[in-house]
Structures are given as structure tokens and as C-alpha cells.
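Accompanying notes for the structure given below.
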Amino acid sequence: MQCPKCHAPMHTYNRNGVQIEQCANCRGIFLDYGELEALTRLESQWSQPAPPPPPAAQAYPAPPAPAWGAPHGGHHGGHYGHRRQKSFGHMLFSS
Amino acid sequence: MTAPLLSDLAARARAAAHPHADTCACGAVVTLADRVDATVVRHAGTVAKAHAPDTDRAALTARLTTAARIPGVLLPPLAPAPVPLHGRLVTFWPYGSPVDPGTPDAAPWEAAATLLARLHRTPPPVPLPPMRGPAKAAHAIARLRAAAPHPATTAVLHAWATLPAWTRHEDALPDTGTLCHGDLHLGQLVRQPARTGPWLLIDVDDLGVGPAAWDLARPAAWYACGLLPADAWTRFLTAYRASGGPAVPPDGDPWPALDVPARALTVQTAARAVTKALTADRPLDEVEQCLVDACARMASVPAQLPRNAAK
Chain A
1 MQCPKCHAPM HTYNRNGVQI EQCANCRGIF LDYGELEALT RLESQWSQPA PPPPPAAQAY
61 PAPPAPAWGA PHGGHHGGHY GHRRQKSFGH MLFSS
Chain B
1 MTAPLLSDLA ARARAAAHPH ADTCACGAVV TLADRVDATV VRHAGTVAKA HAPDTDRAAL
61 TARLTTAARI PGVLLPPLAP APVPLHGRLV TFWPYGSPVD PGTPDAAPWE AAATLLARLH
121 RTPPPVPLPP MRGPAKAAHA IARLRAAAPH PATTAVLHAW ATLPAWTRHE DALPDTGTLC
181 HGDLHLGQLV RQPARTGPWL LIDVDDLGVG PAAWDLARPA AWYACGLLPA DAWTRFLTAY
241 RASGGPAVPP DGDPWPALDV PARALTVQTA ARAVTKALTA DRPLDEVEQC LVDACARMAS
301 VPAQLPRNAA K
């Protein structure tokens with residue numbers, strides 16, 4: 001097609017799955033019906049914060065644990081602070 | 001601990017270390033442990049242990065014989081039989097270097113699991129009494145009952161009441177063919193010769209025949225209560241299975257086999273923690289509270305049973 005403004009030829013580009021036409025001369029852009037909304041939708045997804053990375057325990061399936069155990073089966077990472085480590089370290093070595 | 005026992009135990013350790021000399025230049029005897037149930041001293045490469053006052057002589061001798069007959073798994077004693085001293089039975093052992101309590105992250109989980117698997121696969125070399133794990137759990141509960149009331153006592157005793165009778169030392173053990181250590185924790189591993197030798201299991205006081213899962217249940221309980229990281233538990237369990245340990249199926253969910261003993265050891269450890277906190281007149285710390293919380297949750301979760309367990 002030709003540019004409606006300067007009548008130079010327009011070239012088709014694919015932007016994130018949306019077909020857009022851009023003028024080779026004036027660089028103007030022509031959007032078909034719905035393409036602006038599609039680009040807006042893509043833009044809003046792009047600006048949302050990225051989903052949090054899965055915790056390491058989910059990257060490798062946690063070993064099974066009994067239902068009476070600690071929440072999340074005892075593999076949650078936040079439990080191994082210094083204080084806990086000290087008390088638990090002592091417990092590891094006694095009957 | 002009476003002073004004559006400690007000093008005479010030290011003299012026995014020195015004599016065992018230097019059987020042909022009147023004097024030595026090794027320096028002082030080191031006291032490794034001095035508890036109600038055991039006094040342990042070391043002189044040079046020799047350790048002498050005075051066992052609990054109520055120790056049965058024949059049972060201890062059978063346990064010593066077992067340790068002597070399974071080298072590479074259990075630390076062999078220096079002498080084949082206990083000797084009496086001030087009303088106590090004394091045994092002699094080569095010194096081995098322990099796991100560093102300051103770095104539990106460096107704990108030899110694979111070695112512990114492999115040694116247990118080999119122990120569990122070894123037929124008892126002599127007739128042995130039952131392993132004493134449930135007896136010690138019952139003892140911890142008796143002490144909790146005798147102590148002053150504590151806000152956590154009810155939850156611990158209620159969890160105890162839901163356990164099968166054998167775990168409460170009120171019925172015969174369900175397995176009398178498998179050799180068990182009976183009191184596995186990281187203080188029960190030493191390298192001998194010190195620092196360079198292979199890891200070996202020590203402390204035969206609770207050794208006997210019984211359900212092998214009891215020996216896996218303390219690490220299992222720590223993991224279940226959120227105290228042991230999943231990777232340490234996985235390393236331990238994987239090494240046990242790789243060595244053909246019979247306490248759990250070779251793959252799949254191990255918890256049908258571990259659930260009951262892990263509950264029992266959680267309750268025992270919680271009972272000990274509450275008793276200690278009461279004695280010291282201090283609140284439960286974060287780790288101790290985790291154990292009590294697990295006891296409170298047990299009441300609402302039916303126990304799992306091994307697939308082929310006798311009901």
C-alpha cells in the first residue's frame with residue numbers, strides 16, 4: 001500500500017505479533033482496526049512487574065513430608081537463620 | 001558424678017593407653033562427657049566410658065561383642081567385656097574425632113546413611129535385646145510428666161497418647177530381626193583414626209533389634225518440623241537407599257515407613273525441650289517451639305502405616 005500522507009510505499013512489520021505498516025519515506029505508521037488496542041495490551045503486560053521467580057524448592061520438587069510437619073513440608077528457606085541454626089545445631093548432636 | 005569415679009575412670013583410661021608404663025607425658029585426661037547416664041574421659045588415644053548405673057551387664061556385653069564383630073560400621077571396643085568400677089560398668093574405646101558441632105552444614109549425611117544401611121543389613125552376630133529407642137522416648141515423657149506444668153505439656157502428652165503402643169514402650173517391637181543403632185544423631189559418628197580415618201558409628205548403649213526406620217526417624221523428624229533443609233534430608237535418604245537400606249522402599253514416598261517413628265522422636269525431643277526449659281526457667285526457643293507445634297498438629301492427622309504393616 002501507499003502512505004496516505006506522502007504516498008511513498010509502506011512496508012509491513014511484525015511487532016510482537018501485531019502487523020503494522022510503516023512508510024519508507026516519512027516513517028509514519030498505519031494501524032488496522034484493533035491493532036492499536038493490541039499494542040496497548042502488549043504494552044501494559046510489558047510494564048507489569050515480572051512474576052517472582054519460583055523458589056528454589058519448586059525448581060526441584062521438594063521431597064515428600066508428613067501433613068503434621070511444618071507448613072510447606074519443612075523445606076521453606078526462611079527458617080535457617082543464625083538463631084535457628086545455633087539451636088538446631090545443638091539439637092543435631094544430642095539424644 | 002562422684003569425684004572418685006571420675007578420677008578413677010581417668011586412671012583406668014591412662015592405664016589402658018599405656019599398659020606398660022607407670023608414667024606418661026601426654027598431659028591431663030580430658031572429660032568428654034559427664035552426664036547422669038554416662039561419664040566419658042579420654043587420655044591420648046584411649047577413651048573410657050562409665051555406663052549408666054542401671055546398665056545390664058549381659059546386654060552391654062552382647063552389644064560390645066556386636067561392635068567388635070562389625071568393624072567398618074561400628075567402632076570396635078579395645079576390650080571385649082565391661083569392667084566394674086564404683087558400681088558402674090566401664091568400657092574402653094579407641095579415640096575418634098567427632099563431627100564439628102560448629103558446622104552442622106558440613107555434617108556427613110551420606111556417611112551416616114551408608115553406615116546405617118550396612119548396619120541394618122547385617123544379621124545380629126549374637127542374640128541381642130530390643131533396641132532402646134522407645135524406652136528412651138517413654139523416659140523423656142515420664143520426666144515431662146514429673147516436671148511442673150508448662151503451656152506446651154498438654155500438646156506433647158496428647159501427641160504421645162496417639163502413638164502406637166510399641167513406640168511408647170508399652171508393647172513388643174514390631175521387628176526383632178533387624179539390627180538397629182537405637183539413638184542416631186550427629187554426635188554418634190567419629191572418624192577413626194582421628195581426622196583421617198573413615199566414619200564409624202559409636203555408642204552401643206541403645207543398640208539392639210527392632211524396626212530399622214527408628215534410626216532414620218530423627219533426621220526425618222527434623223526435616224518434617226522444618227528444621228533440616230530439604231537438601232540435607234534428600235542426601236541422607238538417597239544415600240541410605242543407594243546402600244540398600246531396608247527401612248524404606250527403594251523409591252517412592254518413604255513416609256508410610258517413617259511416619260510413626262518420626263512422630264515418636266518429635267514427641268520425645270519436644271518433651272526433652274520442655275523439661276529443659278522448665279529446669280532452666282526460660283521460654284522455649286524458636287526450634288523447640290517448632291517441635292511443640294508439630295505435636296499439636298499430629299492429633300488431627302491420622303498416622304501413616306507401612307503398606308505391609310501388621311495392624
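Going line by line, the protein sequences match chains A and B. Note that UniProt numbering has the first sequence beginning at 1, numbered continuously upward. Note that UniProt numbering has the second sequence beginning at 1, numbered continuously upward. In this text, a Cβ means the ideal position worked out from N, Cα and C, and glycines have one as well.
The distance from the Cβ of residue 137 of chain B to that of residue 167 of chain B is about 7 Å, consistent with a contact at the 8 Å cut-off.
With its beta carbon less than 8 Å from one in chain A, residue 301 of chain B belongs to the interface. For the pair residue 129 of chain B and residue 237 of chain B, the Cα-to-Cα distance works out to about 27 Å. Against chain A, the CB of residue 225 of chain B has a partner CB under 8 Å away; the residue lies at that interface.
Between the segment 228 to 237 of chain B and the segment 170 to 185 of chain B, the count of C-beta pairs closer than 8 Å stays below three; the two stretches do not touch.
Ranked by Cα distance from residue 239 of chain B, the first of B:300, B:109 and B:75 is B:109. Counting along the chain, residue 276 of chain B sits inside the alpha helix (DSSP H) bounded by residues 255 to 280. The beta carbon of residue 10 of chain A sits no closer than 8 Å to any beta carbon of chain B. In the DSSP assignment, residue 21 of chain A falls within the beta strand (DSSP E) that extends over 18 to 23.
In this structure, the CA atom of residue 79 of chain B is about 7 Å from the CA atom of residue 91 of chain B.
Counting along the chain, no beta strand (DSSP E) covers residue 235 of chain B; the unbroken alpha helix (DSSP H) around it starts and ends at 230 to 242. Between residue 57 of chain B and the set B:87, B:39 and B:287, the nearest pair of CA atoms involves B:87.
At a Cβ-Cβ threshold of 8 Å, residue 206 of chain B and residue 133 of chain B count as neighbours.
Nearest to residue 37 of chain B by C-alpha distance, out of B:50, B:43 and B:29, is B:50. Boundaries of the beta strand (DSSP E) harbouring residue 49 of chain B: 46 to 51, taken from the DSSP string.
Contact between residue 190 of chain B and residue 97 of chain B is confirmed by a C-beta separation of about 6 Å, below the 8 Å threshold. The beta carbon of residue 67 of chain A sits closer than 8 Å to some beta carbon of chain B. The three-state reading of DSSP puts residue 11 of chain B in helix, counting H, G and I together.
At a cut-off of 8 Å between C-beta atoms, residue 298 of chain B counts as an interface residue with respect to chain A.
The C-beta of residue 185 of chain B comes closer than 8 Å to at least one C-beta of chain A. Beta-bridge partners of residue 208 of chain B (DSSP): B:180.
Less than 8 Å separates the beta-carbon of residue 204 of chain B from that of residue 67 of chain B.
With a threshold of 8 Å between beta carbons, residue 107 of chain B makes contact with chain A.
Annotation: residue 297 of chain B is outside any beta strand (DSSP E); the continuous alpha helix (DSSP H) that includes it extends over 286 to 298. For residue 91 of chain B, no chain A residue has a Cβ inside 8 Å of its Cβ, as the nearest lies near 18 Å away. Selection A:36, A:69, A:63 and A:19 evaluated against residue 260 of chain B yields A:69 as nearest (Cα-Cα).
Non-local C-beta neighbours of residue 3 of chain A in its own chain, meaning closer than 7 Å and more than five positions away in sequence, comprise 10, 23, 25, 26 and 28, ordered along the chain. At least one C-beta of chain A is nearer than 8 Å to the C-beta of residue 136 of chain B. If you ignore the 5 residues before and after residue 277 of chain B, its C-beta comes within less than 6 Å of the C-beta of 284, all in its own chain and listed in chain order.
Nearest in C-alpha terms to residue 224 of chain B, of all of B:264, B:241, B:244 and B:197, is B:264.
The residue from A:8, A:36, A:6 and A:7 with its alpha-carbon nearest to that of residue 17 of chain A is A:36. DSSP, reduced to helix, strand and coil, places residue 188 of chain B within a helical segment of the structure shown. In its chain, beyond the 5 residues on either side, 258 and 262 have a beta carbon closer than 6 Å to the beta carbon of residue 220 of chain B.
CA-CA distance, residue 299 of chain B to residue 281 of chain B, rounds to 28 Å.
Taking CB atoms only, residue 180 of chain B has no neighbour in chain A less than 8 Å away.
Annotation: the continuous beta strand (DSSP E) that includes residue 91 of chain B extends over 88 to 94.
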